[in-house]
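Chemist: Sending over a structure as structure tokens; questions will come in a sec.
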Amino acid sequence: MNKKTLPTGIQTFSHIRQGNYYYVDKTSYLLDIAKEKAVFLSRPRRFGKSLTIDTLAELFSGNKALFTGLYAEKHWDWETAYPVIRLGFAAGQVNSAEFLHANIHSQLLANAEKHEVELSSCEYLSMMFKELIQKISKKHNSLVVILIDEYDKPMVDNINQPHILAIRNVLRDLYSVIKDQDEHIRFSMLTGVSKFSRVNIFSGLNSLTDISLMSHYSAICGYTQAELESIFAPELTGVDKEKMKDWYNGYNWTGESVYNPYDALLFFKEKEYEPHWFKTGSSAWLIDNLATDELDMHSIEQNTYSSMDLEKFDIDEANPIAVLFQAGYLTIKDVVKKRGTRYTLKYPNIEVQQSLNQILLQKYLHPKYSLDSSQDNLYDYLVACDYDKIAQLFHSLYASIPHQWYTSRGDNIAHYEGHYASVFYSFLTGLGVRVHCEDSTNQGRMDAWFDFDGRIYLIEFKLTDSEKTLKDQGIKAIEQIKDKNYADKFQAQQAERNQPIVMMGVVFGREERNIVAFEIEVLEGAAISALTY
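Sequential numbering of the sequence shown, starting at 687, is according to the numbering used here.
Here is the structure:
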């Protein structure tokens, strides 16, 4: 198979099909979508939503030549074409309701010009939109198709801004027309990142079929492993496919897992394992809100969530779990049938796990603290098994969290073990280490463990306010690991590897807001070597 051109950043279906570009055929999904009346799809940014919308536009317009060799060529009714109205907010940034009004006004006029109809109502957007639908339907003697890309971007761009309500009202008035003009519409679809409350923005559009978490559509955007290895086979020469999978695959919406398409294309272009997608710009307001929210990052993967938890996103209350999930920083791990359908979540891959935790951790720390160099040092100390240096490094980390961060919150977070454990967790995961938290055994639930360079580290955290019992608390943490036999599940594996199990007892002081005791015992076969720092 000969190499083709990578379609990096191309969102126009005709350009891809008429050029010598790679293309992954997703048209079977689109034919299923087209059987619906009104559809909503949520996916992270740069995941192919705009290309999906453009492909649907060409499909409904009846441009059969573009679909030669694709599933749709032989399975779509090419005898009937529909006029398509398109609106989109992916380009640029809206900074006021007035700008948004002008933007939509311009788009409606452009649609009118394309279909050669004149609009008499030009002051109110809802009246313009209604007239546009009716006149296009009448002119073509046909039902119309309405496609709206990134419907939520004007609101997402203005979260925490005083004019957000005015922007919401403009969009609500616009989208309410779709329900009102149902008799003239064959099909409508909205795409976006966030699923804002329908009460606030859709105003009656409750008939939308949300396909975001339908297993059948899990791979509608992104590349499956089979698609990657088939379509992009010429690009995979010399590539460690397992490593690429660990870095960029893992996104799941209750069905088949997919690669982030932006990451896959940039990796093929540059052949470097870098956080390509993350570097395109994580949302500043998202990171700021998460850093100040009572969000325990290290326990996220242990909890279960309802579909409401994953959807609850409004301008008045941005649920951090929903924000992380919808933005692509968390993804579905398992579907749990427990009091209805619930979900467990995970980081999709190394890129997100490492990058997100680095950014969140940096928000806690003093601006002069060098996180990158500290994590480089931690890596070296772990390789060298220098537990003294590891303890000193973590002590410096907690010392770098400014006093103001504790006092400005007003929630006594320094008195909660979860805060210290979360920082510990983020520091390790930002290094790229896979940390397992609250892991259950037949004897209990250990706070955390991780595998580094073949060695297993078992961690038990304690929080105390008594200076007299600091050492005892550290020893008790180690004893708890022993008493609960947490090491048992790893002993056979480690014996085969001929690698040790390292038990860590980490004690934090409420007043000190830092590590006050760090106990280590190394289990190698039957021998236990005790080290105390």
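Backbone N, C-alpha and C define an ideal beta-carbon position, used for all residues, glycine too.
Predicted, not measured: the structure shown is a model, and the values here were computed from it.
1. Do you know how far the Cα of N789 is from the Cα of F746?
2. Among all the DSSP beta bridges, which residues are the ones paired with C1123?
3. In three-state terms, what does DSSP make of T691?
4. Please report the distance separating the alpha-carbon of E1124 from that of S714.
5. Measuring alpha carbon to alpha carbon, tell me which residue in G755, G774, G878 is nearest D711.
6. Just to confirm, are V1193 and F1204 a CB contact at a threshold of 9 Å?
7. Would DSSP call V831 helix, strand or coil?
8. Output needed for L1042: all residues of its chain with C-beta closer than 6 Å, excluding positions within five of it in sequence on either side, in chain order.
9. Taking its Cβ as the centre, do 16 or more other Cβ atoms sit within 10 Å of V925, making it buried, or is it exposed?
10. Just to confirm, is the Cβ distance from H902 to G936 under 9 Å?
11. So what does N1075 bridge to, in DSSP terms?
12. Hey, I1167 and F1080: beta-carbon distance below 9 Å or not?
13. Would you mind stating whether Q779 and D843 have Cβ atoms separated by less than 9 Å?
14. Beta-carbon separation of N846 and L818 under 9 Å?
15. Consult DSSP for V1188 and reduce its assignment to one of helix, strand or coil.
16. By Cβ distance, which residues of its chain are closer than 7 Å to Q698, with the 5 residues on each side in sequence left out?
17. Check whether the Cβ of E1198 sits closer than 8 Å to any heavy atom of the ligand ADP, and report yes or no.
18. So, at 6 Å on beta carbons, what are the nonlocal neighbours of L1114 in its own chain, with the 5 sequence-adjacent residues on each side left out?
19. So, using beta-carbon positions, are P945 and Q911 closer together than 9 Å?
20. Tell me the DSSP secondary structure of R772 in three-state form.
21. Should T1017 be labelled buried (16 or more other beta-carbon atoms within 10 Å of its own) or exposed?
22. Could you tell me the alpha carbon to alpha carbon distance between L1031 and S943, rounded to whole angstroms?
23. Can we say the segment 792 to 806 touches the segment 816 to 836, given the rule of at least three CB pairs closer than 8 Å?
24. Buried or exposed: which applies to V1009, given that a residue is buried once 16 or more other Cβ atoms fall within 10 Å of its Cβ?
25. On the criterion of 16 or more Cβ atoms from any shown chain inside 10 Å, does D835 qualify as buried, or is it exposed?
26. By how many angstroms is the C-alpha of R732 removed from the C-alpha of A950?
27. Within the continuous beta strand (DSSP E) that includes M875, where are the two ends?
28. Which residues in the same chain have their Cβ closer than 7 Å to the Cβ of V885, if we skip the five residues on either side of it in sequence?
29. State the DSSP-derived secondary structure class of S1220, mapped to helix, strand or coil.
30. Using CA atoms only, rank isn't needed, just tell me which of Y707, S893, P769, I1142 is closest to L692.
31. I need the straight-line Cα distance from F953 to K1175, nearest angstrom please.
32. What whole-angstrom Cβ distance do L742 and K735 have, given they're in contact under 8 Å?
33. Cα separation between R872 and K865?
34. Go through its chain and collect everything with a Cβ distance to E668's Cβ below 7 Å, but skip five positions before and after it.
35. Would you list, in sequence order, the uninterrupted alpha helix (DSSP H) runs of no fewer than 4 residues that lie entirely inside the segment 937 to 970?
36. Since L795 is in the alpha helix (DSSP H), which residue starts that stretch and which ends it?
Modeler: Result, derived from the coordinates:
1. CA-to-CA, the gap between F746 and N789 works out to about 25 Å.
2. Paired residues: A1134.
3. Looking at T691 - three-state DSSP - the assignment turns out to be strand.
4. Using only the alpha carbons, I get a separation of about 41 Å.
5. The candidate whose alpha carbon is nearest that of D711 is G755.
6. A contact, by the Cβ cut-off of 9 Å.
7. If DSSP states are grouped into helix, strand and coil, V831 belongs with the strands.
8. Close CB contacts of L1042 within its chain, under the 6 Å cut and outside five residues either way in sequence, are with Y1015 (chain order).
9. Under this definition V925 is an exposed residue.
10. No, these two residues do not count as a Cβ contact at 9 Å.
11. First, the residue type needs correcting, since residue 1075 is Lys and not Asn in the sequence shown. Per the DSSP secondary-structure output, K1075 pairs with nothing in a beta bridge.
12. Result no, Cβ atoms of I1167 and F1080 do not sit closer than 9 Å.
13. Contact check for Q779 against D843 passes: the beta carbons are separated by less than 9 Å.
14. The Cβ atoms of N846 and L818 do not sit closer than 9 Å to each other.
15. Residue state, collapsed to three classes: strand.
16. In the sequence under discussion, the amino acid at residue 698 is Thr, which differs from the Gln named in the question. These residues qualify, in order along the chain: D740.
17. Within the structure as shown, the ligand ADP is missing, as the structure has no ligands at all.
18. Here the set comprises V1121.
19. The displayed chain sequence assigns Tyr, not Pro, to residue 945. Contact flag set, yes.
20. Strand at R772.
21. By the neighbour-count criterion, in which a residue is buried when 16 or more other Cβ atoms sit within 10 angstroms of its Cβ, T1017 is buried.
22. Their Cα atoms are separated by approximately 13 Å.
23. With contact defined as three or more Cβ pairs closer than 8 Å, the segment 792 to 806 and the segment 816 to 836 are in contact.
24. Counting every other CB atom within 10 Å of its CB across the protein chains shown gives V1009 a total of 16 or more, marking it as buried.
25. D835 should be labelled buried.
26. Taking the Cα positions, A950 is about 12 Å away from R732.
27. First-last of the beta strand (DSSP E) with M875: 871 to 878.
28. Only weak support is given to the placement of V885: the predicted model assigns it a pLDDT of 48, under 50, and the value that follows is read from those uncertain coordinates. Cβ neighbours of V885 beyond the five flanking positions: none.
29. The chain is shown from 687 up to 1219; residue 1220 falls before or after that span and cannot be answered.
30. The residue with the shortest Cα to Cα distance from L692 is Y707.
31. Looking at the two C-alpha atoms, the distance is approximately 37 Å.
32. The beta-carbon separation of L742 and K735, rounded to 11 Å, does not stay under the 8 Å limit for a contact.
33. Approximately 12 Å between the Cα atoms of the pair.
34. Residue 668 is absent from the model: the chain starts at 687 and stops at 1219.
35. For the segment 937 to 970, the full-length alpha helix (DSSP H) segments reaching 4 residues or more read 947 to 956 along the chain.
36. Element bounds for L795: 783 to 800.
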